[in-house]
Amino acid sequence: MKNSKLIWILIFLWSIFMGITAGSIGFGAIFPSMNRIAKPLVCPRGDMQLETQTYIPTPVETVTTLTWYCVDRTTGEKTKIGLFPMSLYAGIFYGLILFALIYFGIKIWGSRLDKNSASASPTPIKRTSVPAPHFGGAAADVGDALRRMKELQQLRDANLVSESEYEQKRAEVLKEL
13 MKNSKLIWIL
23 IFLWSIFMGI
33 TAGSIGFGAI
43 FPSMNRIAKP
53 LVCPRGDMQL
63 ETQTYIPTPV
73 ETVTTLTWYC
83 VDRTTGEKTK
93 IGLFPMSLYA
103 GIFYGLILFA
113 LIYFGIKIWG
123 SRLDKNSASA
133 SPTPIKRTSV
143 PAPHFGGAAA
153 DVGDALRRMK
163 ELQQLRDANL
173 VSESEYEQKR
183 AEVLKEL
């Protein structure tokens, strides 16, 4: 039980970490509007505004910077929002979502696995013995014996005859030669 709690704590911490690094910082750089989820905590009395600036320092390089501002609704004052608080708050939110998905996914999927494993009792495999083919004829030539041996080998490979049946019929074919 203690190990289970420890595992859930580690999964929770990992989820928060991934929410911040992958969710807010990683995907937030690709889709900046994702970080607007942090608005109630970062900019409670205003609106978040994103400004982008593109620089071309060399002919083969383009740099784009993203700067978030909180614009106060009453005064219109613009205050720069730091990356850390915005990424932290948005990332925690995304981490909680990730943790909830993992938690409920394991609970639902795990319960389905338990139901399937409990209801699925092992079914014994019924092995039926198929009689070996009767080749007839007392004096068979070598070509016929070779054909019969190949046919017998195929039956054994397909598990249609047991090993003892195979050996018995093999001995009969060899005896006829």
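Heads up: the sequence shown at position 132 corresponds to 144 in the numbering used here, and the numbers run straight through without jumps.
Just so you know, even glycine gets a beta-carbon here, dropped at the ideal spot from N, CA and C.
Proximity to residue i [Cα-Cα], best of the options
i, options, result
"W80", "Q61, K119, T70, T86", "Q61"
"R160", "I114, V75, K181, E63", "K181"
"V54", "I93, T76, P71, F39", "I93"
"M30", "Q166, D156, I114, V173", "I114"
"L78", "G88, I37, L186, Y178", "I37"
"T87", "V72, R57, T74", "R57"
"A41", "P52, E63, D59", "E63"
"C82", "T74, P52, V75, T76", "P52"
"L158", "V185, L167, D169, E177", "V185"
"L189", "T74, S16, D156, V75", "D156"
8 Å contact criterion, which residue i and residue j should meet: CB distance rounded
i, j, result
"A34", "M98", "Not a contact, Cβ separation roughly 15 Å."
Pair within 9 Å by beta-carbon distance, residue i and residue j
i, j, result
"I28", "G103", "yes"
"L100", "I32", "yes"
Buried versus exposed, by CB contacts within 10 Å (16 or more), residue i
i, result
"V72", "exposed"
"L18", "exposed"
"V173", "buried"
"L164", "buried"
"A150", "Since pLDDT at A150 reaches only 47, below the 50 mark, its modelled position is unreliable, and no value is offered."
Measuring CB atoms only, is the region 16-30 touching the region 95-112, in the sense that at least three cross pairs come out at less than 8 Å? yes
Are there three or more Cβ pairs, one per stretch, closer than 8 Å when the region 36-49 is compared with the region 67-74? no
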